[in-house]
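Trainee: Just so you know, the protein sequences line up as chains A and B, in that order.
Here the numbering used here is used: position 49 in the first sequence is 49, and no number is missing along the way.
The number in the numbering used here is simply the position in the second sequence, starting from 1, with 1000 added.
Every residue gets a Cβ at the ideal spot worked out from N, C-alpha and C, and that includes glycine.
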Amino acid sequence: MAFLLNCPNCGQRNVYDFRFGGEVLTRPAPDASNEELTAYLYARENADGPQREWWNHSLGCRKWFVAVRDTHTNEVIETSWPPDILVSGHEASDGE
Amino acid sequence: MANSDAGDRLSPARRLSAGERLPPGEHEFIDRDVVIGFEFEGRQVAAHEGDTIGSALAAAGVDVLSRSFKYHRPRGLLCVAGNCPNCLMKVDGIPNVRTCTMAVRAGMTVGRQNAWPSVDHDAGAVLDRMDRLLPVGFYYKVFHRPKLLWKIMRPVVRRIAGLGSVDTSSDGGPTYTHRNMHTDVAVVGGGPAGMAAALAAAAAGLDVTLIDDQPVLGGHLLYDATRYTGINGTGDGTGQEIAETLRKRVAEQDGIQVLSGATAFGFYQGNLIAVHHGYEAVQLRAGQVVIATGAIEVPMQFENNDRPGVMLASGALRLARLYGVSPGKRAVVATTDDSGYSTALGLLDVGIAVEAVIDMREEPGASEAADAVRTRGVEVLAGHRVVSTSGTKRVSRVTVVAPDSSERNIKCDLVCMAGVRQPVTGLLLQQPGAVVEYDEQFGESVPAQLPGGVHVAGDITGFHDLGITLAQGAATGRQAAGIDPEGASQLDAIERDYRAGQQPPGAFTGRDGRSAKKEFICVCEDVSSKDIDVAVGEGFNDIQTLKRYTTATMGPCQGKMCHRAFVEAAARRTGQSIVATGRTTARPPAQGVPLGALAGPGHMPRKRTALDGLHRAAGAEMVELGPWLRAHNYGSPQEEALAVRERVGIIDVSTLGKLDVRGPDAGALLDRVYTHRFSNLREGRIRYGLLVGENGAIMDDGTVTRLAEDHFFVTTTTGNVDAIEDWFNWWLAGTGMEVFVTNVTSSYAAINVAGPRARATLVKLTDVDLSTDALGYMRSARGMVAGVPCIFLRIGFVGETGWELHFPSEYAEHMWRALMEAGAEFDIAPFGLEAQRILRLEKGHIIVSQDTDAVTDPLDAGMRWAVRFDKPDFIGRGGLVANRARPPEEKQKLVGFVMHDRFVPEDGQPVVEDGEPVGRVTSSRLSPTLKKGFGLAWVPEKHAYEGAEIFIRSGQTDSPAVVTMKPVYDPDGLRLRE
Chain A
1 MAFLLNCPNC
11 GQRNVYDFRF
21 GGEVLTRPAP
31 DASNEELTAY
41 LYARENADGP
51 QREWWNHSLG
61 CRKWFVAVRD
71 THTNEVIETS
81 WPPDILVSGH
91 EASDGE
Chain B
1001 MANSDAGDRL
1011 SPARRLSAGE
1021 RLPPGEHEFI
1031 DRDVVIGFEF
1041 EGRQVAAHEG
1051 DTIGSALAAA
1061 GVDVLSRSFK
1071 YHRPRGLLCV
1081 AGNCPNCLMK
1091 VDGIPNVRTC
1101 TMAVRAGMTV
1111 GRQNAWPSVD
1121 HDAGAVLDRM
1131 DRLLPVGFYY
1141 KVFHRPKLLW
1151 KIMRPVVRRI
1161 AGLGSVDTSS
1171 DGGPTYTHRN
1181 MHTDVAVVGG
1191 GPAGMAAALA
1201 AAAAGLDVTL
1211 IDDQPVLGGH
1221 LLYDATRYTG
1231 INGTGDGTGQ
1241 EIAETLRKRV
1251 AEQDGIQVLS
1261 GATAFGFYQG
1271 NLIAVHHGYE
1281 AVQLRAGQVV
1291 IATGAIEVPM
1301 QFENNDRPGV
1311 MLASGALRLA
1321 RLYGVSPGKR
1331 AVVATTDDSG
1341 YSTALGLLDV
1351 GIAVEAVIDM
1361 REEPGASEAA
1371 DAVRTRGVEV
1381 LAGHRVVSTS
1391 GTKRVSRVTV
1401 VAPDSSERNI
1411 KCDLVCMAGV
1421 RQPVTGLLLQ
1431 QPGAVVEYDE
1441 QFGESVPAQL
1451 PGGVHVAGDI
1461 TGFHDLGITL
1471 AQGAATGRQA
1481 AGIDPEGASQ
1491 LDAIERDYRA
1501 GQQPPGAFTG
1511 RDGRSAKKEF
1521 ICVCEDVSSK
1531 DIDVAVGEGF
1541 NDIQTLKRYT
1551 TATMGPCQGK
1561 MCHRAFVEAA
1571 ARRTGQSIVA
1581 TGRTTARPPA
1591 QGVPLGALAG
1601 PGHMPRKRTA
1611 LDGLHRAAGA
1621 EMVELGPWLR
1631 AHNYGSPQEE
1641 ALAVRERVGI
1651 IDVSTLGKLD
1661 VRGPDAGALL
1671 DRVYTHRFSN
1681 LREGRIRYGL
1691 LVGENGAIMD
1701 DGTVTRLAED
1711 HFFVTTTTGN
1721 VDAIEDWFNW
1731 WLAGTGMEVF
1741 VTNVTSSYAA
1751 INVAGPRARA
1761 TLVKLTDVDL
1771 STDALGYMRS
1781 ARGMVAGVPC
1791 IFLRIGFVGE
1801 TGWELHFPSE
1811 YAEHMWRALM
1821 EAGAEFDIAP
1831 FGLEAQRILR
1841 LEKGHIIVSQ
1851 DTDAVTDPLD
1861 AGMRWAVRFD
1871 KPDFIGRGGL
1881 VANRARPPEE
1891 KQKLVGFVMH
1901 DRFVPEDGQP
1911 VVEDGEPVGR
1921 VTSSRLSPTL
1931 KKGFGLAWVP
1941 EKHAYEGAEI
1951 FIRSGQTDSP
1961 AVVTMKPVYD
1971 PDGLRLRE
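1. Is it true that the CB of B:Arg1247 sits closer than 8 Å to the CB of B:Leu1199?
2. Our contact map puts B:Pro1917 next to B:Pro1928 with C-beta atoms below 8 Å; I'd like the distance itself, whole angstroms only.
3. Just grab the DSSP bridge partners of A:Trp54 for me.
4. In chain B, which residues lie with their C-beta within 9 Å of the C-beta of A:Ser58?
5. Can you have a look at B:Glu1804 and say buried or exposed, based on whether 16 or more other CB atoms are within 10 angstroms of its CB?
6. Taking C-alpha atoms, which residue in A:Phe18, A:Ala2, A:Thr26 lies nearest to A:Ala43?
7. Just to confirm, are B:Thr1574 and B:Thr1585 a CB contact at a threshold of 8 Å?
8. Mind pulling the beta strand (DSSP E) runs of 3 or more residues that sit fully within the segment 1013–1094 of chain B?
9. Closest Cβ-Cβ distance between A:Thr79 and chain B: below 8 Å?
10. State yes or no: is the beta carbon of B:Gly1734 nearer than 8 Å to at least one beta carbon in chain A?
11. Nearest to B:Glu1280 by alpha carbon, out of B:Val1523, B:Val1110, B:Tyr1176?
12. For B:Tyr1748, name the three-state secondary structure that DSSP assigns.
13. Going by DSSP, which residues form a beta bridge with B:His1182?
14. Does B:His1277 come out as helix, strand or coil in the three-state DSSP assignment?
15. Report yes or no: is there a C-beta of chain A within less than 8 Å of the C-beta of B:Trp1730?
16. DSSP beta-bridge partners for B:Tyr1438?
17. Mind checking B:Arg1154: buried by the 16 CB within 10 Å criterion, or exposed?
18. Check whether the segment 1366–1383 of chain B touches the segment 1341–1349 of chain B, taking contact to mean three or more Cβ pairs, one atom from each stretch, closer than 8 Å.
19. DSSP beta-bridge partners for B:His1900?
20. Please work out which residues of its chain come closer than 7 Å, Cβ to Cβ, to B:Gly1050, disregarding the five sequence neighbours upstream and downstream, and give them in chain order.
21. If we ignore side chains and look at the alpha-carbon of each, how far apart do B:Ile1060 and B:Val1536 end up?
22. Between A:Gly21 and chain B, is the shortest Cβ-Cβ distance under 8 Å, so that the two count as touching?
23. Can you give the beta carbon distance from B:Leu1611 to B:Met1622, rounded, assuming they're within the 8 Å contact cut?
24. Measure the alpha-carbon distance for A:Glu96 versus B:Asp1870 and round it to whole angstroms.
25. Below 8 Å between beta carbons: does that hold for B:Ala1426 and B:Ala1590?
26. Decide if B:Gln1544 is buried, meaning its Cβ has at least 16 other Cβ atoms within 10 Å, or exposed.
27. If the criterion is Cβ atoms closer than 8 Å, does the pair B:Gly1328 and B:Arg1021 meet it?
28. I need the straight-line Cα distance from B:Asp1005 to B:Ser1165, nearest angstrom please.
29. In chain order, what are the residue ranges of uninterrupted beta strand (DSSP E) at least 3 long that sit wholly in the segment 1776–1855 of chain B?
30. By alpha-carbon positions, which one of A:Ala29, A:Tyr16, A:Ser33 ends up nearest to A:Phe97?
31. Looking at the secondary structure, which residues open and close the beta strand (DSSP E) in which B:Arg1572 lies?
32. Measure from the alpha carbon of B:Leu1880 to the alpha carbon of each residue in A:Pro8, A:Glu23, A:Asn34, then state which is nearest.
33. Please classify B:Asn1633 as buried or exposed, where buried requires at least 16 neighbouring CB atoms within 10 angstroms.
34. Grab me the residues of B:Ser1445's own chain with a C-beta within less than 6 Å of its C-beta, minus the 5 sequence neighbours each way, in chain order.
35. Using only CA atoms, which one of B:Trp1150, B:Thr1852, B:Pro1872 lies nearest to B:Met1863?
36. Threshold first: 3 residues or longer. Then list the beta strand (DSSP E) segments lying entirely within the segment 1235–1272 of chain B, N to C.
Shown next as structure tokens:
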């Protein structure tokens, strides 16, 4: 694994500079069923192809961002700040 | 010569002859004026400067360099290019060194391996006659009945098989470094194609890095004395002269960096090339890559094709032309194309008799070289095949079969195998998108599809013609520079012409392609054509399973010598085409690389606190904790613990993670990530904070202090702060919450002052009112101590009245000294990590990851009080709710226990019930207060009550202990509130 990622803050860097944060998931509501909770905790799409995932520029600016990566080829299709991530209980503010 | 002379350059008067040498050649590597000595199995061998170990041993008349993997057959020089396994030896303690390319250094110690008592007289050679005991896949078949037999035989087999042994008593050998490099164009391979590509790309203004595994650029031209005329751009001359011309141009051209003696072993995404270069592993990131790794000659198939004296033609010519060493006296050249005639001429030119050229094609060669060979009176046997060799430790005779099936023996001591080539695609194929296909006309598998930014040039393409090679090199160099080559169509035309004039290559199998037990396909692993037949017959007809079962291509050369023959043998036996048979998968490393080079130097940073020097001066024993070094003790942890209980102690807690959390939404963020509530925490108050994952398992703990309405000071466990900082920021990302999380771990030093005389010590240094009325338990203040601005945290991890002082770390030593001086009248003592662990254990405080594991939740750990289910949501709430619903009989609880005596069970020992383990000890120590063993343990919920009796197993003994649900020291927490 030796691809490059474009940190929205710092620019293109070696993947070793980053920490992988897993698939972008939607957090279930507080009153979700056990099944929904289990799926959120343990079930992963594990797409063979483009996947939205979290990355942290851990050896750089330490910012979290979202990348769309083709898991088959490791091609990073795009990276962006997470303005529209659906985290339960939080709306994106105007500032973002 | 005495051993003490090892390493000295020999004075002319005492100069030994460096073996028998051929007349000097103009382009040879060796300097005949310099003689150096090295030790070979106890005797001194003389070599010239520029020799490899292999060439020097050949000059000294050593034919047998190793014993084969399985049958212990004698093996000698074969490729002389660092590809085959035959010359692996132990050099200066390092096993499996390829001695045919390892330069001689004065005084080095060299020995052969994998034989007993010696390679020349190897008892293991008897295995060669016992081959029926060792069929293909024998480790699945023989020595298994009775069952006990394999237990006996396995170590024997392991000892006999294999290569050199690692010297486990050594100090680990040389230290390797890692380096990152960046380049516009990386060219792998320093032959004519690679040099032409590098020159073209650099001429276009790009930065070029040229990687070559030989000591000198030139590739196969280094030993090619063929005269070339009409080559575009280099002038007429021998291959060696053209190589020199190109080498000069590379040296003079700006922008080319050459890594010689460097192996590119890995080719990863984003055009990252891993290079092993001396004691360095280079990670080279390239914009464009030109793969010009060439093609290497591979052995032909006939019985006893592995006997010393049977060499690749290129290997024989390397030995003669680069090192002036005669590969033999009477040669037979077997060839599948015209290159064998050039080999024959090359041998004749240095005075080696050539008995015959066996041209395996039906129509013999008609080239200039073929005519020259005939003119010089060498017999040419067209349409013949080599079927076997004879000899003991060196070939003495070769048997050939004529088209009419008559057989004939020819005496010789050298057999050169010419013309069978395998493009070196092992590196290229590691790159996704690169595809190699079998080319029927060439009989070779050549690149058919390339990923973007990757180019190929030279012999790897299957075109073995110097003019085409140079044209391809220049074209790819221009392509890499983004210049659309107008020469591309021209190149196509040249390539078409070459194909039109190309004779089909001769078959290189022995007698009608019939298999034989000692006709070796894979010399590394001793796999013969017969083995392939048997394995296919047993059902292993897929190339991937066939490889794994026979282990062909899996030895040190990683298929360099055998991949082509392996695939062709499999195709022949399965009746499939070569295309349908497919290939094995290419993976890194393309060439063996020392594990030390991959590991490199240690990358783990070692952090020391600002007080590190004072701890050492006080005689502290230091211990690693995460990335930090901490004072474990200053002599006696029990004494240190008593000092805290009875007087006053100080401990350096600077390694605690510290986060400054600020902003209007700071309280909301903390409410979200912690199980506790913090938005309602009053200014100047402290609350214990517990972080859990979404599954409810404990991640970390620490304290949260509200310094101001929008400002919190958070501590985390040592070594965990980066992960917690990421965790906070992750839950902030995309929410629009206005919070800044700043890691101030190293900015602040921290010292905990604790004990009944802590207040009396501190009041001497500060104006802050430390009375319980003003600054009670779990409260904070800010003020000066010894002239240094501090945050006071009145907390009680060790269970005594105490303050954790956080302050700018540049004042750490001053603060420590001031505290020691102020406390001197109370007999203050520094205490270390171990004393702190004893003290906290007496208070029943957990240490995350010591007393908890990946599934421990706060409810089972007895910290229900730290979880606010009345918050509508927080990270991990769902997981905790689900855990809460689990039936009690499934649960374990974390409880305290006290032994009946001073016995201290070890951490991790099982709690047993009716002889079965039902729980485990997580922490245990001797209590300085109770003078008894005690600790924390996970027990079934039914035992989690005050006074329950449990049993802890230690060895064969089950020792009774009593469960306590409260801290063993100051159970009601009165002392820390004083």
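Mentor: Here's the rundown:
1. no
2. That belief does not hold up - the Cβ atoms of B:Pro1917 and B:Pro1928 are roughly 30 Å apart, past 8 Å.
3. A:Val66
4. Asp1722, Asp1726
5. buried
6. A:Thr26
7. no
8. 1031–1040, 1043–1049, 1088–1091
9. no
10. yes
11. Residue B:Tyr1176 is the option with its Cα nearest to B:Glu1280.
12. strand
13. B:Arg1285
14. strand
15. yes
16. B:Ser1445
17. Exposed.
18. Cβ pair count under 8 Å is three or more, so yes.
19. DSSP lists no partner for B:His1900.
20. Phe1029, Ile1030, Asp1031
21. Looking at the sequence shown, residue 1060 of chain B is not Ile but Ala. If I take the Cα positions, the gap works out to 43 Å.
22. yes
23. In this structure, B:Leu1611 and B:Met1622 do not form a Cβ contact; the two beta carbons are roughly 11 Å apart against a cut-off of 8 Å.
24. Low per-residue confidence applies at A:Glu96: pLDDT is 32, beneath 50, and the placement is therefore not dependable enough to give any value.
25. It should be pointed out that residue 1426 of chain B corresponds to Gly in this sequence rather than to Ala. A distance below 8 Å separates the beta carbons of B:Gly1426 and B:Ala1590.
26. Its Cβ having fewer than 16 others within 10 Å, B:Gln1544 is exposed.
27. no
28. Confidence is the limiting factor: at B:Asp1005 the pLDDT is only 42, short of 50, which leaves the residue's position unreliable and the question unanswerable from this model.
29. 1780–1785, 1788–1793, 1802–1808
30. Nothing about residue 97 of chain A can be reported from this structure: the residues present for chain A run from 1 to 96 only.
31. Here B:Arg1572 belongs to no beta strand (DSSP E); instead the alpha helix (DSSP H) covers 1563–1574.
32. A:Asn34
33. buried
34. Val1436, Tyr1438
35. Here the closest residue by C-alpha is B:Thr1852.
36. For the segment 1235–1272 of chain B, whole beta strand (DSSP E) runs of length 3 or above, ordered along the chain, are 1256–1259, 1262–1268.
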